[in-house]
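Below is one structure; the comments refer to it alone.
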């Protein structure tokens, strides 16, 4: 268990005990804190939080089947976000060359990063279709490859 998961476990146990007092159930010796949230649900929440699967009370209900998801879900989601923060996605850009002298930055993965491409056969493929630029290669030859009409490896 990671540090964040361990902290979440401790926080959920504490939350469950406080909720027992708040709901005036602290005198229940038979069920104890599991009347609010069973240990099985508590551990399932921690497992799902590790993979960032719980973002809303609805996702909590769908993933755990916990009957109190809609009542206490917002509090649980807040605890999860506080103890295991969601990663911030980093924007990615790649550089592809349209010709030997000019570089263009484009978001996302590069399909082809080469220069002076004259035909599909220059890329090691068999069809030999004449192309004038990487862009033309990307729009024609790659599509043909994907549809298995051209450029068989």
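In full-length UniProt numbering, the protein residues as written are 1 to 153. Where a beta carbon is used, it is the ideal one built from N, C-alpha and C, also for glycine.
- Separation of the CB atoms of residue 41 and residue 66 is rounded to 5 Å, and the pair is thereby assigned contact status at 8 Å.
- Here residue 22 carries a helix assignment [DSSP, helix/strand/coil].
- For residue 24 and residue 45, the gap between their C-alpha atoms comes out near 24 Å.
- In terms of Cβ geometry, residue 50 and residue 11 do not form a close pair [threshold 9 Å].
- At a cut-off of 4 residues, the continuous stretches assigned as alpha helix (DSSP H) that sit fully inside the segment 9-60 are 39-50.
- The C-beta of residue 18 has fewer than 16 other C-beta atoms within 10 Å across all chains shown, which makes the residue exposed.
- Shown here, residue 69 sits in a helix according to DSSP, grouped into three states.
- CA-CA distance, residue 61 to residue 30, rounds to 26 Å.
- Annotation: residue 75 to residue 86 spans about 16 Å, alpha carbon to alpha carbon.
- Annotation: residue 33 to residue 2 spans about 24 Å, alpha carbon to alpha carbon.
- Residue 54 is a Cβ neighbour of residue 77, given a cutoff of 9 Å.
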